[in-house]
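Chains as they are written, first to last, in our numbering: chain U, 1 to 218; chain P, 219 to 436.
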């Protein structure tokens, strides 16, 4: 019998006013208007460069937090909106994610959707599987596929909220960016992390983000 | 003709999940259950000791932010719940605030309430005036009384939200404490600081709080 994998969230960006996505998500603004600013701490890092197959990038605290998110991860689960801007049934198979031919996951990635689609194998060992029967099913698939490593849950806000409310998340890394988004999707909407057993177990601030780790004692 | 005083907010504490007050406010828990933790950065400071007539206390960034909140302030406006736990009509005049005989304001303090009460002069030049006709009236009184200095708006959340929505605040200092409150009163509920013209103009983190200043460009 194998140990249950940890289910982890990393590099989840929110604004000071609590939004994980700005208003009016679109192809031009995948994280909503102003939303890219949530990741100003992440984009220059060496980890971000590496997962995109490039050299260079900054090191230090921001990079350390970025890097942690890729350590010992055997599978990902992401929401439909993190995968792409297409809504409703897939018109064809042309949309292959925001990330080009070699996406930065390098593991199986389970995409939550209401609309069936055949698995999509990409370069670099990333394969997207489309799961139409909910988060528990996605977690079962990811657990079977993760090879004893941990499972990382990506965005967006709605996906993370579903997993949190169902009590399925073990650890969360939030990066609070020094910006206001004004409106959009709020992470803490109808979500009581305290009641879910989380507490703040680590906090480090850099000029670009306040990094906070929430863990569950149980 | 005198210049319009600046209307400033200082040392307004919120949790990472956005609450300025925890649940179940009471005499025992004036800032709600867990709410005192929002001010762990403030209580040990030299400024906090001084305004309570004591020596000692810590210096440094947390103290600098605490001290700014008392510089050039000619009048305060606070909500009824910041003044005390009494709700509804005043049963008598026995409640004189949370702060003892010599409250830390040392200016006129306008208390927003729906229930009339005679002004209350305390030691140290603090006088509480009870304003029953709303925030604009309170601001007029404070402007007349502030002697050309600025006006500080205190809590709670509902008071600050009223002033913000009415476009009456020039500058806000928020101190984001590394805690979760889970529920209570959320500062950013139906409040779009971006639309109100604010942006983050300063941010400094200490082990106990992330200090953020929002200013309006106009």
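All C-beta atoms, glycine included, are put in the ideal place defined by N, C-alpha and C.
Among residues of its own chain, excluding the 5 on either side of residue i, which ones have a beta-carbon nearer than 8 Å to its beta-carbon?
i                      : result
residue 423 of chain P : 429
residue 57 of chain U  : 44, 45, 46, 47, 48, 49, 50, 63
residue 29 of chain U  : 22, 35, 36
residue 93 of chain U  : 117, 118, 120
Name, please, each residue of chain P whose Cβ falls closer than 7 Å to the Cβ of residue i.
i                      : result
residue 167 of chain U : By Cβ distance, chain P contributes nothing, its closest Cβ being about 15 Å from residue 167 of chain U, past 7 Å.
residue 178 of chain U : 418, 421, 430
In angstroms with no decimal places, state the Cα-to-Cα distance between residue i and residue j.
i                      : j                      : result
residue 104 of chain U : residue 253 of chain P : 41 Å
residue 374 of chain P : residue 140 of chain U : 46 Å
residue 113 of chain U : residue 81 of chain U  : 9 Å
residue 279 of chain P : residue 394 of chain P : 14 Å
residue 342 of chain P : residue 216 of chain U : 47 Å
residue 110 of chain U : residue 391 of chain P : 42 Å
residue 352 of chain P : residue 297 of chain P : 11 Å
residue 281 of chain P : residue 230 of chain P : 14 Å
residue 101 of chain U : residue 53 of chain U  : 11 Å
residue 117 of chain U : residue 287 of chain P : 58 Å
residue 173 of chain P : residue 42 of chain U  : Shown here, chain P extends from 219 to 436; a query on residue 173 of chain P therefore has no answer.
residue 236 of chain P : residue 169 of chain U : 21 Å
residue 364 of chain P : residue 326 of chain P : 8 Å
residue 432 of chain P : residue 71 of chain U  : 36 Å
residue 400 of chain P : residue 347 of chain P : 34 Å
residue 138 of chain U : residue 199 of chain U : 26 Å
residue 3 of chain U   : residue 425 of chain P : 35 Å
residue 349 of chain P : residue 283 of chain P : 29 Å
residue 144 of chain U : residue 201 of chain U : 29 Å
Are the CB atoms of residue j and residue i within a distance shorter than 8 Å?
i                      : j                      : result
residue 234 of chain P : residue 398 of chain P : yes
residue 389 of chain P : residue 227 of chain P : yes
residue 47 of chain U  : residue 24 of chain U  : no
residue 412 of chain P : residue 382 of chain P : no
residue 258 of chain P : residue 267 of chain P : no
residue 405 of chain P : residue 385 of chain P : no
residue 74 of chain U  : residue 5 of chain U   : yes
residue 148 of chain U : residue 76 of chain U  : no
residue 7 of chain U   : residue 151 of chain U : yes
residue 421 of chain P : residue 178 of chain U : yes
residue 309 of chain P : residue 333 of chain P : no
By Cβ distance, which residues of its chain are closer than 6 Å to residue i, with the 5 residues on each side in sequence left out?
i                      : result
residue 239 of chain P : 249, 250, 253, 374, 375, 402, 403
residue 86 of chain U  : 95
residue 106 of chain U : 124, 125, 126
residue 256 of chain P : 231, 395
residue 360 of chain P : 293, 295, 328, 369
Relative to the ligand NAD, is the shortest distance from any of its heavy atoms to the C-beta of residue i smaller than 7 Å?
i                     : result
residue 92 of chain U : Ligands displayed in this structure: none; no statement on the ligand NAD is therefore possible.
Could you name the residues of the same chain whose beta carbon sits closer than 7 Å to that of residue i, not counting the 5 residues immediately before and after it, in chain order?
i                      : result
residue 339 of chain P : 345
residue 380 of chain P : 353
residue 427 of chain P : 259, 280, 393, 394, 395
residue 59 of chain U  : 46
How would you list, in chain order, the residues of chain P whose beta-carbon sits under 8 Å from the beta-carbon of residue i?
i                      : result
residue 182 of chain U : 410, 411, 412, 413
Anything in chain U within Cβ reach of residue i, meaning under 8 Å, just list it in chain order.
i                      : result
residue 234 of chain P : 174, 176, 200, 212
Taking residue i as the query, report the chain U residues whose CB atoms sit under 7 Å from its CB, ordered along the chain.
i                      : result
residue 230 of chain P : Per Cβ cutoff of 7 Å: no residues; residue 230 of chain P is ~12 Å from chain U at best.
residue 406 of chain P : 17, 18
Does any residue of chain A have a CB that is nearer than 8 Å to the CB of residue i?
i                      : result
residue 130 of chain U : The structure shown contains no chain A; its protein chains are U and P.
request  = Quick one: which unbroken beta strand (DSSP E) runs of 3-plus residues sit fully inside the region 125–207 of chain U? Chain order, please.
outcome  = 127–131, 150–153, 171–177, 198–205
task = Give, in chain order, every unbroken run of the beta strand (DSSP E) that is at least 3 residues long and sits entirely within the region 68–117 of chain U.
result = 73–79, 108–112
query = Which runs of the alpha helix (DSSP H), 4 residues or longer, sit entirely within the region 26–66 of chain U?
reply = 46–51
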